[in-house]
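S.K.: Below: one structure in structure tokens.
2 protein chains.
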Amino acid sequence: MATKKRILVLGGGFGGVYAARELERILRPSEASISLINQENYWVYQPLLPEVISGLIGLTDVVSPIRQLCPRTELVMREVEKINLEQKFVTVSPGFRARQLEIPFDYLVIALGSISNFCGTPGMVEHVRSFRTVADAISLRNHLIHVLEEAEIEPDRDQRRKLLTFVVAGGGFSGVEVVAELSDFINKAKGNFPRLRAEEARFVLVHAGDRILPEMSEKIALFAQKLLAKRGIEIRLKDRLVGATSEKAQFKSGIEVPSKTIVSSVPSSIPPALHVLPCAKENSRLKVNANLELAGYEGVVWALGDCASIKTLSGKPTPPTAQHATREATTVARNIAAAIRNQPASPFTFEGLGKLGSLGHYSAVAEILGVRISGFPAWLLWRAIYLVKVPSLRQRARIALDWFFVLLFPPDFVQMRLIKERGIARQHFEPGEVVFLQGDLGDNVYVIESGECDVLRDADGKQTHIATLGPGDFFGEMALINDVSRNATIRARTTMNVLLVSKSDFDTLKCCVPAFGDAFRKLAKDRSEANQKAGNTAAAN
Amino acid sequence: MATKKRILVLGGGFGGVYAARELERILRPSEASISLINQENYWVYQPLLPEVISGLIGLTDVVSPIRQLCPRTELVMREVEKINLEQKFVTVSPGFRARQLEIPFDYLVIALGSISNFCGTPGMVEHVRSFRTVADAISLRNHLIHVLEEAEIEPDRDQRRKLLTFVVAGGGFSGVEVVAELSDFINKAKGNFPRLRAEEARFVLVHAGDRILPEMSEKIALFAQKLLAKRGIEIRLKDRLVGATSEKAQFKSGIEVPSKTIVSSVPSSIPPALHVLPCAKENSRLKVNANLELAGYEGVVWALGDCASIKTLSGKPTPPTAQHATREATTVARNIAAAIRNQPASPFTFEGLGKLGSLGHYSAVAEILGVRISGFPAWLLWRAIYLVKVPSLRQRARIALDWFFVLLFPPDFVQMRLIKERGIARQHFEPGEVVFLQGDLGDNVYVIESGECDVLRDADGKQTHIATLGPGDFFGEMALINDVSRNATIRARTTMNVLLVSKSDFDTLKCCVPAFGDAFRKLAKDRSEANQKAGNTAAAN
Numbered sequence: 079m080a081t082k083k084r085i086l087v088l089g090g091g092f093g094g095v096y097a098a099r100e101l102e103r104i105l106r107p108s109e110a111s112i113s114l115i116n117q118e119n120y121w122v123y124q125p126l127l128p129e130v131i132s133g134l135i136g137l138t139d140v141v142s143p144i145r146q147l148c149p150r151t152e153l154v155m156r157e158v159e160k161i162n163l164e165q166k167f168v169t170v171s172p173g174f175r176a177r178q179l180e181i182p183f184d185y186l187v188i189a190l191g192s193i194s195n196f197c198g199t200p201g202m203v204e205h206v207r208s209f210r211t212v213a214d215a216i217s218l219r220n221h222l223i224h225v226l227e228e229a230e231i232e233p234d235r236d237q238r239r240k241l242l243t244f245v246v247a248g249g250g251f252s253g254v255e256v257v258a259e260l261s262d263f264i265n266k267a268k269g270n271f272p273r274l275r276a277e278e279a280r281f282v283l284v285h286a287g288d289r290i291l292p293e294m295s296e297k298i299a300l301f302a303q304k305l306l307a308k309r310g311i312e313i314r315l316k317d318r319l320v321g322a323t324s325e326k327a328q329f330k331s332g333i334e335v336p337s338k339t340i341v342s343s344v345p346s347s348i349p350p351a352l353h354v355l356p357c358a359k360e361n362s363r364l365k366v367n368a369n370l371e372l373a374g375y376e377g378v379v380w381a382l383g384d385c386a387s388i389k390t391l392s393g394k395p396t397p398p399t400a401q402h403a404t405r406e407a408t409t410v411a412r413n414i415a416a417a418i419r420n421q422p423a424s425p426f427t428f429e430g431l432g433k434l435g436s437l438g439h440y441s442a443v444a445e446i447l448g449v450r451i452s453g454f455p456a457w458l459l460w461r462a463i464y465l466v467k468v469p470s471l472r473q474r475a476r477i478a479l480d481w482f483f484v485l486l487f488p489p490d491f492v493q494m495r496l497i498k499e500r501g502i503a504r505q506h507f508e509p510g511e512v513v514f515l516q517g518d519l520g521d522n523v524y525v526i527e528s529g530e531c532d533v534l535r536d537a538d539g540k541q542t543h544i545a546t547l548g549p550g551d552f553f554g555e556m557a558l559i560n561d562v563s564r565n566a567t568i569r570a571r572t573t574m575n576v577l578l579v580s581k582s583d584f585d586t587l588k589c590c591v592p593a594f595g596d597a598f599r600k601l602a603k604d605r606s607e608a609n610q611k612a613g614n615t616a617a618a619n
Numbered sequence: 079m080a081t082k083k084r085i086l087v088l089g090g091g092f093g094g095v096y097a098a099r100e101l102e103r104i105l106r107p108s109e110a111s112i113s114l115i116n117q118e119n120y121w122v123y124q125p126l127l128p129e130v131i132s133g134l135i136g137l138t139d140v141v142s143p144i145r146q147l148c149p150r151t152e153l154v155m156r157e158v159e160k161i162n163l164e165q166k167f168v169t170v171s172p173g174f175r176a177r178q179l180e181i182p183f184d185y186l187v188i189a190l191g192s193i194s195n196f197c198g199t200p201g202m203v204e205h206v207r208s209f210r211t212v213a214d215a216i217s218l219r220n221h222l223i224h225v226l227e228e229a230e231i232e233p234d235r236d237q238r239r240k241l242l243t244f245v246v247a248g249g250g251f252s253g254v255e256v257v258a259e260l261s262d263f264i265n266k267a268k269g270n271f272p273r274l275r276a277e278e279a280r281f282v283l284v285h286a287g288d289r290i291l292p293e294m295s296e297k298i299a300l301f302a303q304k305l306l307a308k309r310g311i312e313i314r315l316k317d318r319l320v321g322a323t324s325e326k327a328q329f330k331s332g333i334e335v336p337s338k339t340i341v342s343s344v345p346s347s348i349p350p351a352l353h354v355l356p357c358a359k360e361n362s363r364l365k366v367n368a369n370l371e372l373a374g375y376e377g378v379v380w381a382l383g384d385c386a387s388i389k390t391l392s393g394k395p396t397p398p399t400a401q402h403a404t405r406e407a408t409t410v411a412r413n414i415a416a417a418i419r420n421q422p423a424s425p426f427t428f429e430g431l432g433k434l435g436s437l438g439h440y441s442a443v444a445e446i447l448g449v450r451i452s453g454f455p456a457w458l459l460w461r462a463i464y465l466v467k468v469p470s471l472r473q474r475a476r477i478a479l480d481w482f483f484v485l486l487f488p489p490d491f492v493q494m495r496l497i498k499e500r501g502i503a504r505q506h507f508e509p510g511e512v513v514f515l516q517g518d519l520g521d522n523v524y525v526i527e528s529g530e531c532d533v534l535r536d537a538d539g540k541q542t543h544i545a546t547l548g549p550g551d552f553f554g555e556m557a558l559i560n561d562v563s564r565n566a567t568i569r570a571r572t573t574m575n576v577l578l579v580s581k582s583d584f585d586t587l588k589c590c591v592p593a594f595g596d597a598f599r600k601l602a603k604d605r606s607e608a609n610q611k612a613g614n615t616a617a618a619n
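Same order as they appear, the protein sequences are chains L and D.
Numbered as in this note's numbering, the first sequence ends at 619 without a single skipped number.
Numbered as in this note's numbering, the second sequence ends at 619 without a single skipped number.
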């Protein structure tokens, strides 16, 4: 027998973790070492992630430590930066010390999934939330609570209405589950806010197709549509989200929905490290053969899950579900074992057992082995199947306890804001939108990346146009430097993208980077003089 | 009867929440409205916070929504920015829109607690963690897991030892509970890391006094000391933490402990909004009379909890514990009711029932009504008392379930990294410490705030001194601009403070702030030329 082979698995989702588990099962420790690279040290039970929004499942109960799921696999908790297929090594991101780490392999499994990609759509990166990771789920939950807390103390009716409007883009499984959980949570939590009890919350689900749940049969999809509509969820078909600002969602049909909460389950692409791989792609995914070997690297590299373009025996593309990823993982693990043992490879032959989707509120839809079920029986089935499928006993017990617990006590609405948002953020504005009003508190400096805005001053009941600012210009620094409220209103003149620098970061930069501080101080002086002049002119009028 | 009075409570800890609850109980809705300002929408059950480190208690089970604890109180989820005692209003931080919010009051309750204050000690702000909030606890837990994951893949023995060394400063209740939970967690979680099983972790507790637990009698304290020492925790008495870098803790005795994890439970001061109040202070806290009225504002403003200097009947200062804060809250609420009803006020007379401290691992120490207990009986008593004292039934049930659950399954060690750390951070270096090594991956740009460093280049087995950099100088930008690894080693020449700008923020600033980008580009060009010259010289030697 040859020397011990090194198997490297990239990604800790269903594909990666189940491949490592199957490899541990069928290979002797003397045959191969197994390593797995993942950014987190946990694996996420993705199908139950929407339940984290409403707190049906405890924050940590939806995840399991990878080290416990794959005890014989070496876990490297870093990010994959570069894959060198020719020289057979993978470069990972730095840890505490910025030391470069290169991990060699004999056999490679690529299971890096897909990422949200909002590129090219105005305002999407800044103002639309994706829903893929535990961090996304917790961040959405915290945002929903923030929105409720703000709505409770907001005196303006339109602002309150905007705060209580929620837009979800994409009517597939994921989008439907998110809008269902979201509306359940908001409607329940609202009861704790005395002023909001009588207010109606608005939920909008926008979908490009002519019915939701394209994964299911039409009959089932229509049932789901009716049920969601009955709960007050507006479904907008044959339309899609094409833009967003911090104040509204813009649809293709021209409709604009004022909202502070826009979630998208739609666009996805493979991660950047896979984009640059010198191998064949198919439908923007990695091209593999029937044995799931990467085209051009047969016998050395396998790809599976959402990052690979895989077909079932009948020639249909496999959907991005857990049941397919786990079966692909088994095929990949067996073929690697076959390669090590010089045995023939076998193709992926799974056709899918059925489809299940939760609609929240004790309801679900299912199509299993040709049988359609909906409503409460489907919901029970959905819970039972997903509970049985949890790989760790500990996690299964915790989830069962969580589900039992909410029968006794309603889910709470504690916000888990862990870190103050800081650093440099971006915002997108449409023409006519107000960035801030004269008299507002100053907590950010804005730098214009593209577009223009008007600076307006209110005095003696009259509004004066003071200046128009363009790319590279700053505004908002006066309030920070002099610690007073905003002395003018800023309104976007064109579509405008701005950079936000927080007060604390601004202060730090101003003190420590002389060039930065000087630029701001000069600007503040010029502005101050210009303002004085404008003030005098206004007074003269 | 007069018009309805407005009572405003600042702070949502034990003092604030229990005052609001008592006010709700004794005042009729027609007598007064009650508002409470707190940054978070939840109240933290502080005594159990250390258990979050090891996952004994679920992350969200240590908190309760304030709205459910005080249903009749209006909660304003903002930060207190300014208190105007003369004109009787409080200004709060901005929400979604930067609108200024001023909240008027007739009666004010100040219960803002204390904050960690590391000012004046070199490196403390940057490298020492405080342990006060839920965010601190979760952040510490995540850091511990990160340290274990890094130690597992670290080939260097000294680095690994440093990663597995943990320093806790302050041997009062809080410090002792933190070091106990921390060592429990590390020793248990280590078992999941194949390479760490045989490694010894090191725990150091440093305390200024001549014995730990100054709150307890000597006999009990010595018992606790012996117990912790038996578990392998080093206790350094009559010493204290005087400095820190990212690589080590520095003690007053001159001893230096290489470590990546330094937690302090020691220094505290009142929040900035209270610092600037024009009222009498005592021991750097707000001065109040026996009725807990703020000196100079009797009948209008009350202060309690950790931000007030309060004495028991026997003249001893009250310790910062939950049992005292809740009793002070009752006194304050009754005195406000008395003020509204024109009745006489009554003084604070509570002396304390006893003292309880957990030592982790089924052990605790207690002194109750003069009786001393330690070990397992004290631990049972500790759990029972704290469980009974949880104000919400839901939370009590969850905590009991959590405690029951860990008897069946060991706590997990899932890391909950929610947001990538970004923005501008600071680091502190002592002379001789290396900032980065030639060949490291570049992921930050450094700006020197104070101090100097040497730039060293290794070539052909020889190290050449290229330059000395001082305040205002940058380094590390070459690797980012050209996307290569570091081309030199940077070593601190003196005590040095630097500013870190992350790669992503650096790129953003470079593109969008012309002055910033220009400064860097010029610098990079100069450096590049200088390097070439130095390289030529080195080659010529």
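Every residue, glycine too, gets a C-beta built ideally from N, C-alpha and C.
(1) Flag this pair as yes or no: are the beta carbons of Val379 of chain L and Leu186 of chain L separated by less than 8 Å?
(2) Quick one: what does DSSP say Asn575 of chain L is sitting in, helix, strand or coil?
(3) How about Glu155 of chain L: is its C-beta nearer than 8 Å to some C-beta of chain D?
(4) For the stretch 281 to 291 of chain D against the stretch 404 to 418 of chain D, are there 3 or more C-beta pairs whose distance is under 8 Å?
(5) Looking only at its own chain, which residues have a Cβ that is under 8 Å from the Cβ of Lys82 of chain L, when we skip the five neighbours before and after it?
(6) Identify the residues that DSSP records as bridge partners of Gly435 of chain D: which are they?
(7) Using a cut-off of 9 Å between C-beta atoms, extract the partners of Asn270 of chain D located in chain L.
(8) Does Ala475 of chain D get closer than 8 Å to chain L when you measure Cβ to Cβ?
(9) Can you give me, in chain order, the residues of the stretch 230 to 258 of chain L that have a beta carbon less than 9 Å from any beta carbon in chain D?
(10) For Val341 of chain D versus Val256 of chain D, is the C-beta distance shorter than 8 Å?
(11) When you compare the CB of Thr573 of chain L with every CB in chain D, is at least one pair closer than 8 Å?
(12) For Arg84 of chain L, which of helix, strand or coil comes out of DSSP?
(13) Would Asp139 of chain L and Ile477 of chain L qualify as a contact pair, given that the criterion is a beta-carbon distance under 8 Å?
(14) Quick one: give me the first and last residue of the beta strand (DSSP E) that Thr390 of chain L is part of.
(15) Buried or exposed for Lys93 of chain D, please, with buried defined as at least 16 other CB atoms from any protein chain shown within 10 angstroms of its CB.
(16) Mind listing which residues of the stretch 126 to 142 of chain D have their C-beta closer than 9 Å to chain L's C-betas, in chain order?
(17) Looking at chain L, which residues of the stretch 517 to 528 of chain D have a Cβ within less than 9 Å of any of its Cβ atoms?
(18) Nearest-angstrom Cα distance between Val158 of chain D and Gly321 of chain L?
(19) Taking any Cβ of chain C, which residues in the stretch 448 to 473 of chain L have a Cβ under 7 Å from it, in chain order?
(20) Check this for me: beta carbons of Glu102 of chain D and Cys148 of chain D, under 8 Å apart or not?
(21) What residue does the beta strand (DSSP E) around Asn522 of chain D start on, and which one ends it?
(22) Looking only at its chain, what residues have a beta carbon closer than 6 Å to the beta carbon of Asp384 of chain L, apart from the 5 residues adjacent to it on each side?
(23) State the Cα-Cα distance for the pair Phe514 of chain L and Glu508 of chain L, rounded to the nearest angstrom.
(24) Apply the 10 Å Cβ neighbour rule to Gly310 of chain D and answer buried if 16 or more other Cβ atoms are within range, or exposed otherwise.
(25) What residue does the alpha helix (DSSP H) around Val95 of chain L start on, and which one ends it?
(26) Kindly list the residues whose CB is nearer than 7 Å to the CB of Ile135 of chain L, restricted to its own chain and excluding five residues on each side of it in sequence; keep chain order.
(27) May I ask you to list, following chain order, the residues of the stretch 95 to 109 of chain L that have a beta carbon less than 9 Å from some beta carbon of chain D?
(28) Check Ile451 of chain L in the structure and name its three-state DSSP category.
(29) With C-beta atoms as the reference, is Ser343 of chain D less than 8 Å away from Ala247 of chain D?
(30) If we define contact as Cβ-Cβ less than 8 Å, is Ile497 of chain D a contact residue for chain L?
M.R.: Reading it off the structure:
(1) yes
(2) strand
(3) It should be noted that the sequence gives Met, not Glu, for residue 155 of chain L. True, the Cβ-Cβ gap to chain D drops below 8 Å.
(4) no
(5) Ser108, Glu109, Ala110, Ser111
(6) D:Val443
(7) Pro143, Arg145, Gln146, Pro149
(8) yes
(9) Glu230, Ile231, Glu232, Gln237, Leu241
(10) yes
(11) no
(12) strand
(13) yes
(14) From DSSP, Thr390 of chain L is part of no beta strand (DSSP E); its letter is neither H nor E.
(15) One point to set straight first is that residue 93 of chain D is Gly, not Lys, in the sequence displayed. Gly93 of chain D comes out buried.
(16) Gly133, Gly136, Leu137, Thr138, Asp139, Val141, Ser142
(17) Gly517, Asp518, Leu519, Gly520, Asp521, Asn522, Val525, Ile526, Glu527
(18) 36 Å
(19) The chain labelled as chain C is not found among the protein chains of the depicted structure, namely L and D.
(20) yes
(21) 522 to 528
(22) Gly191, Ser192, Pro398
(23) 14 Å
(24) exposed
(25) 92 to 104
(26) Leu126, Glu129, Ile477, Asp480
(27) none
(28) strand
(29) yes
(30) Below a pLDDT of 50, predicted positions are generally treated as unreliable, and Ile497 of chain D, at 49, falls in that range; the measurement from the model is reported next regardless. Chain L, which has a Cβ nearer than 8 Å to the Cβ of Ile497 of chain D, makes this yes.
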